[in-house]
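S.K.: Quick one: this structure, given as structure tokens, is what I'll be asking you about.
There are 2 protein chains.
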Amino acid sequence: MATIKDVAALAGVSPATVSRVLNNRPVSPTKARLVLDAARSLSYTPNRVARTLRRQLSEVVALVIPDIENPFFTSLARGVADTAQEAGYSVVLCNTDGDVAKEAHFLDIALSENMAGVVLAPAGASSDVQPLLNRGRAVVAVDRPVRGADVDSVVIDNVGAGRAATRVLWDAGYRDIACISGPDEIVTAVDRALGWRQLLGEVSPRAIPPGRLLHADFRVGGGRSAMQQLLDLENPPDAVVAGNNLVGVGALQVLHERGLDPARFGIAVIGDLPFSAHAPADVPVVHLPTRSLGTTAGALLIERIEGHEGPGRHVVIPGELGATLTAAPG
Amino acid sequence: MATIKDVAALAGVSPATVSRVLNNRPVSPTKARLVLDAARSLSYTPNRVARTLRRQLSEVVALVIPDIENPFFTSLARGVADTAQEAGYSVVLCNTDGDVAKEAHFLDIALSENMAGVVLAPAGASSDVQPLLNRGRAVVAVDRPVRGADVDSVVIDNVGAGRAATRVLWDAGYRDIACISGPDEIVTAVDRALGWRQLLGEVSPRAIPPGRLLHADFRVGGGRSAMQQLLDLENPPDAVVAGNNLVGVGALQVLHERGLDPARFGIAVIGDLPFSAHAPADVPVVHLPTRSLGTTAGALLIERIEGHEGPGRHVVIPGELGATLTAAPG
DNA sequence: AGCTTCGCAGAAATCGATTTCAGACTCAAG
DNA sequence: CTTGAGTCTGAAATCGATTTCTGCGAAGCT
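Sequence order for the protein chains is Y and H. Using our numbering, you'd call the opening residue of the first sequence number 161 and step up by one each time. Using our numbering, you'd call the opening residue of the second sequence number 161 and step up by one each time.
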């Protein structure tokens with residue numbers, strides 16, 4: 161493997177000059193040519209480790225997310241990766257499984273690998289990004305804000321999404337609408353449930369019957385058991401808002417298994433149904449622009465890396481209702 | 161940020177001693193204690209960049225895949241990440257979009273970042289891993305073999321999977337079974353189609369009618385247009401084998417849109433249907449153990465990194481039929 | 001006692017780049 | 001002709017760890 165010294169020797173100049181040529185600092189055209197030719201003929205690639213050590217900053221950013229198998233996050237990851245790569249950075253994807261300890265571990269690594277920045281979808285209530293900030297590293301929160309630190313953030317309008325999903329069911333004539341949301345400590349889950357409650361409070365004269373809000377695990381299994389629980393009630397609801405895409409999948413599975421038609425039993429899902437074969441007219445979906453979530457976060461991160469100072473900026477991206485419901489309550 | 165010198169100064173020893181303590185080389189217990197205390201009180205973390213530069217080997221491995229939004233690969237990624245992290249390595253996920261140039265770029269980076277190894281799902285017909293091998297880096301191919309280099313590989317038994325999918329339809333009574341496979345240059349696609357052709361040749365007295373094998377893009381859109389094409393034929397088939405998970409999703413979407421019941425029009429899918437609400441009895445699926453694909457590849461990679469020598473090892477993992485079909489031809 | 005052997009620890013070299021510093025040289029103005 | 005500013009360039013310092021080299025002192029052997 162050729163090093164900068166080899167190139168320098170072949171070109172008959174000093175390593176310093178080689179470095180200057182390769183980094184577009186002023187060098188006489190004659191030597192520049194020599195260096196470029198030498199570099200090409202040795203097919204020289206600068207060693208990024210050495211560069212990072214000296215510069216104290218690598219061209220890598222970390223993307224720390226709780227669940228890489230959730231299409232919500234893969235799509236987000238795409239967005240981040242695209243903007244980052246455009247700006248010349250590689251992206252390291254770190255999967256925390258929602259485990260705060262794993263997350264802390266990855267943040268440690270980001271620090272000791274001198275990574276330029278971190279896009280973080282926090283796993284739990286508190287994430288310790290202070291060490292990163294102290295070292296001047298860029299940090300952007302995505303999907304969920306970071307508590308206790310003034311950090312750029314990009315999130316969905318979750319209350320609005322909860323309202324939209326609930327409204328589409330209400331407008332279609334459903335009157336007893338339950339909500340399967342996520343764990344209490346995840347703010348996105350709380351906000352979506354809040355939107356559901358808000359909207360029902362506005363449109364419905366009656367109080368919400370007890371037991372209509374369920375806190376499920378935000379995965380397929382969580383959606384399944386919550387849906388089963390709802391259907392097994394003595395007085396089941398006639399419609400349900402699924403708090404995220406995976407919960408929606410689980411709920412739909414249960415409906416199918418019980419021979420219930422999603423075109424009669426109402427269901428609206430917050431978040432896109434991945435790879436679904438359902439017609440949007442049967443299962444309305446609040447589309448969450450995850451890709452833009454990612455690109456926006458990536459853009460903010462790059463700006464910070466390139467020197468943007470100042471207080472945290474907070475971007476809220478609205479969801480978008482894909483279709484209205486044509487079916488009627490069963 | 162504390163460096164090894166700070167620790168050394170505080171402990172009253174040389175940096176060399178600190179390094180020895182932290183790397184479990186023999187040091188007197190007295191000094192070891194001093195060093196550990198000093199390290200803890202400064203909350204010292206070794207700088208991985210410096211370590212990598214000196215050791216000429218980082219604790220990072222790259223996973224290079226063509227499509228991170230395909231659950232096949234996310235699940236595989238999980239597998240690789242789990243084994244790698246168990247062994248103390250971080251995983252960098254690189255998405256090539258099936259683009260050979262991007263892939264080459266990532267391999268370059270892996271080299272110049274001194275990464276310990278690469279798990280590669282090759283994007284195209286040829287991938288140049290020679291530079292990596294020359295530098296003694298570990299390389300393992302996954303899902304598709306690397307041509308022109310003697311590299312460990314872990315692949316699915318694609319011919320077998322194609323046969324299994326076809327057989328389940330045949331056994332259920334379907335007699336005109338088409339196949340939507342993937343692009344010609346992807347060997348997995350070719351092999352799955354081969355399995356389909358083989359099995360039909362064995363069980364069917366008649367020749368396969370022309371136009372029954374389609375080469376689609378291996379994504380949802382590809383499956384959709386291929387399925388539409390098949391259904392628009394004058395004499396459409398009565399069943400279809402979907403060459404991968406996404407093609408299966410696309411095909412199912414089209415069936416739904418046209419009001420065709422997958423329990424009547426036969427469809428078998430090679431690869432798991434992600435987040436599907438279908439009953440397995442209606443849509444048989446050849447389960448591909450993608451997670452083990454990943455863990456196996458990861459294990460081979462770690463072995464290579466830790467010094468395993470010798471010729472390329474080739475693991476073939478069989479698919480597995482989830483359920484037999486209870487429905488009958490429509 | 002004298003000599004080897006061994007374990008431990010510090011000084012210094014090393015990994016491969018970037019960057020500071022200082023010297024050599026050119027050119028223009030006084 | 002001298003001085004000063006400005007341009008290139010190379011030597012050397014630097015980033016932060018690991019590892020080799022070297023020396024010291026204690027223990028073992030004859």
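All residues carry an ideal CB built from backbone N, CA and C; glycine is no exception. The structure presented is a predicted model; accordingly, all values stated were derived computationally and were not measured.
Residues in its own chain within less than 8 Å of Y:L292 by CB, not counting five upstream and five downstream?
M.R.: Taking the first sequence and counting its residues from 1, the one referred to as residue 292 of chain Y is at position 132. Correct list, in chain order: L267, A270, L271, V278, V299.
S.K.: Helix, strand or coil for Y:D377 per DSSP?
M.R.: Here residue 377 of chain Y refers to the residue found at position 217 of the first sequence. Y:D377: coil per DSSP, three-state reduction.
S.K.: Determine the chain Y residues that contact H:E229 at a beta-carbon separation under 8 Å, and present them in chain order.
M.R.: Within the second sequence, the letter at position 69 stands for residue 229 of chain H. P231, T234, S235, R238, listed in chain order.
S.K.: Under 7 Å between beta-carbons, which chain H residues line up against Y:A210? List them in chain order, please.
M.R.: In the first sequence, residue 210 of chain Y corresponds to position 50, counting from 1. Correct list: L213.
S.K.: With a threshold of 16 other CB atoms inside 10 Å of the CB of Y:P305, please say whether the residue is buried or exposed.
M.R.: Here residue 305 of chain Y corresponds to residue number 145 of the first sequence, with the count starting at 1. When all chains shown are included, Y:P305 counts as buried.
S.K.: Give me the chain Y residues within the contact set of H:F378, using Cβ-Cβ distance strictly less than 7 Å, ordered along the chain.
M.R.: Here residue 378 of chain H corresponds to residue number 218 of the second sequence, with the count starting at 1. Chain Y residues near H:F378: none, gap ~14 Å exceeds 7 Å.
S.K.: For Y:G382, which residues from the same chain have a beta carbon less than 7 Å from its beta carbon, with the 5 sequence-adjacent residues on both sides left out?
M.R.: One-based indexing of the first sequence puts residue 382 of chain Y at position 222. Cβ neighbours of Y:G382 beyond the five flanking positions: A376, V407, G410.
S.K.: Return helix, strand or coil for H:D312, following the three-state DSSP convention.
M.R.: Here residue 312 of chain H is taken as the residue at index 152 of the second sequence, counted from 1. H:D312 falls in the strand class under three-state DSSP.
S.K.: Check Y:V187 in the structure and name its three-state DSSP category.
M.R.: Locating residue 187 of chain Y in the first sequence gives position 27, where the first residue counts as 1. Coil.
S.K.: At the 7 Å Cβ level, is H:A435 part of the contact set with chain Y, yes or no?
M.R.: Counting from 1 along the second sequence, the entry for residue 435 of chain H is found at position 275. The residue you asked about is not Ala; residue 435 of chain H is Phe in the sequence shown. Answer yes: the Cβ-Cβ gap between H:F435 and chain Y drops below 7 Å somewhere.
S.K.: Around the C-beta of Y:H447, are 16 or more other C-beta atoms found within 10 angstroms, so that it is buried, or is it exposed?
M.R.: For the purposes of this step, residue 447 of chain Y is identified with residue 287 of the first sequence, where counting begins at 1. With 16 or more Cβ atoms within 10 Å of its Cβ, Y:H447 is classed as buried.
S.K.: Find out if the Cβ-Cβ distance for the pair H:V240, H:L217 is shorter than 7 Å.
M.R.: In the second sequence, counting from the first residue as 1, residue 240 of chain H sits at position 80. In the second sequence, counting from the first residue as 1, residue 217 of chain H sits at position 57. Result no, Cβ atoms of H:V240 and H:L217 do not sit closer than 7 Å.
S.K.: Which residue from Y:N183, Y:L360, Y:E219, Y:N294 puts its Cα closest to that of Y:I462?
M.R.: Against the first sequence, residue 462 of chain Y aligns to sequence position 302. Of the listed residues, the one whose Cα sits closest to Y:I462 is Y:E219.
S.K.: Please check if any C-beta of chain Y sits within less than 7 Å of the C-beta of H:L412.
M.R.: What you label residue 412 of chain H is simply residue 252 of the second sequence in a count that begins at 1. Yes, H:L412 counts as interfacial toward chain Y.
S.K.: Kindly indicate which three-state DSSP category Y:S250 falls into: helix, strand or coil?
M.R.: On the first sequence, position 90 is the one that residue 250 of chain Y refers to. Here Y:S250 sits in strand by DSSP.
S.K.: For a test of the three-state rule: what should DSSP assign to Y:E480, helix, strand or coil?
M.R.: The residue labelled residue 480 of chain Y in the question sits at position 320 within the first sequence. Looking at Y:E480 - three-state DSSP - the assignment turns out to be strand.
S.K.: Would you be able to state if there are at least three C-beta pairs under 8 Å between the stretch 163 to 174 of chain H and the stretch 329 to 347 of chain Y?
M.R.: As far as the Cβ criterion goes, the stretch 329 to 347 of chain Y does not touch the stretch 163 to 174 of chain H, which means the pair count is below three.
S.K.: Looking only at its own chain, which residues have a Cβ that is under 6 Å from the Cβ of H:V181, when we skip the five neighbours before and after it?
M.R.: What you label residue 181 of chain H is simply residue 21 of the second sequence in a count that begins at 1. Around H:V181: V187, A192, V195.
S.K.: Assuming Y:A459 contacts Y:T243 (C-beta within less than 8 Å), just tell me the rounded distance between them.
M.R.: Numbered from its first residue, the first sequence carries residue 459 of chain Y at position 299. Numbered from its first residue, the first sequence carries residue 243 of chain Y at position 83. That belief holds up - the Cβ atoms of Y:A459 and Y:T243 are roughly 5 Å apart, short of 8 Å.
S.K.: To the nearest whole angstrom, what separates the beta carbons of Y:R372 and Y:A338, a pair I think is in contact under 8 Å?
M.R.: In the first sequence, residue 372 of chain Y corresponds to position 212, counting from 1. In the first sequence, residue 338 of chain Y corresponds to position 178, counting from 1. That pair is a contact at about 4 Å.
S.K.: From the beta carbon of H:I465, is the nearest beta carbon of chain Y less than 7 Å away?
M.R.: Taking the second sequence and counting its residues from 1, the one referred to as residue 465 of chain H is at position 305. Answer no: the Cβ-Cβ gap between H:I465 and chain Y never drops below 7 Å.
S.K.: Residues of the stretch 174 to 207 of chain Y in Cβ contact with chain H at a cutoff of 8 Å, in chain order, please.
M.R.: Of all residues in the stretch 174 to 207 of chain Y, T205, P206, N207 have a Cβ within less than 8 Å of some Cβ in chain H.
S.K.: Whether or not the stretch 385 to 392 of chain H and the stretch 353 to 361 of chain H are in contact is what I'm after, with contact meaning three or more pairs of Cβ atoms, one per stretch, closer than 8 Å; do they touch?
M.R.: With the cut-off at 8 Å, the stretch 353 to 361 of chain H and the stretch 385 to 392 of chain H do not touch.
S.K.: When you check each C-beta in the stretch 326 to 345 of chain Y against every C-beta of chain H, which residues fall closer than 8 Å?
M.R.: Those residues of the stretch 326 to 345 of chain Y that come within reach of chain H (Cβ to Cβ, closer than 8 Å) do not exist; the list is empty.
S.K.: What's the call for H:S286, buried or exposed, on a 16-neighbour Cβ count within 10 Å?
M.R.: Taking the first residue of the second sequence as 1, we reach residue 286 of chain H at position 126. That one is exposed.
S.K.: Can you find at least 3 beta carbon pairs, one from the stretch 471 to 479 of chain H and one from the stretch 315 to 334 of chain H, that sit closer than 8 Å?
M.R.: Yes: the two stretches touch, three or more of their Cβ pairs being nearer than 8 Å.
S.K.: Expressed to the nearest angstrom, what Euclidean distance is found between the alpha-carbon atoms of H:Q290 and Y:N207?
M.R.: Locating residue 290 of chain H in the second sequence gives position 130, counting from the first residue. Locating residue 207 of chain Y in the first sequence gives position 47, counting from the first residue. For H:Q290 and Y:N207, the distance between alpha carbons rounds to 18 Å.
S.K.: Are any of the Cβ atoms in chain H nearer than 7 Å to that of Y:E273?
M.R.: Locating residue 273 of chain Y in the first sequence gives position 113, where the first residue counts as 1. Cβ-Cβ to chain H under 7 Å: yes for Y:E273.
S.K.: Taking any Cβ of chain Y, which residues in the stretch 243 to 258 of chain H have a Cβ under 7 Å from it, in chain order?
M.R.: So the close ones are S250, V252, L253, N255.
S.K.: Take Y:V429 and list the residues in its own chain whose beta-carbon comes closer than 6 Å to its own, dropping the five residues that flank it on each side.
M.R.: Counting from one through the first sequence, the residue named residue 429 of chain Y turns up at place 269. Excluding positions up to five away in sequence, the list reads A402, G408, V445.
S.K.: Which two residues bound the contiguous alpha helix (DSSP H) that contains H:I465?
M.R.: Reading the second sequence from its first residue, position 305 is the one you call residue 465 of chain H. Element bounds for H:I465: 450 to 465.
S.K.: How many Å lie between Y:R185 and H:R214 at the Cα?
M.R.: Locating residue 185 of chain Y in the first sequence gives position 25, where the first residue counts as 1. Locating residue 214 of chain H in the second sequence gives position 54, where the first residue counts as 1. Distance between the alpha carbons of Y:R185 and H:R214 is about 28 Å.
S.K.: Compare the C-alpha of H:R418 against each of H:M275, H:L433, H:Q389 and name the closest.
M.R.: Along the second sequence, one-based indexing puts residue 418 of chain H at 258. Measuring from the Cα of H:R418, the nearest candidate turns out to be H:Q389.
S.K.: Any Cβ of chain H within less than 7 Å of the Cβ of Y:H416?
M.R.: Along the first sequence, one-based indexing puts residue 416 of chain Y at 256. Yes, its Cβ sits closer than 7 Å to a Cβ of chain H.
S.K.: Where do the N-terminal and C-terminal ends of the alpha helix (DSSP H) with Y:L420 fall, by residue?
M.R.: Along the first sequence, one-based indexing puts residue 420 of chain Y at 260. From DSSP, Y:L420 is part of no alpha helix (DSSP H); its letter is neither H nor E.
S.K.: What are the residues that DSSP puts in a beta bridge with Y:H447?
M.R.: Indexing the first sequence from 1 puts residue 447 of chain Y at position 287. Partner(s): Y:E480.
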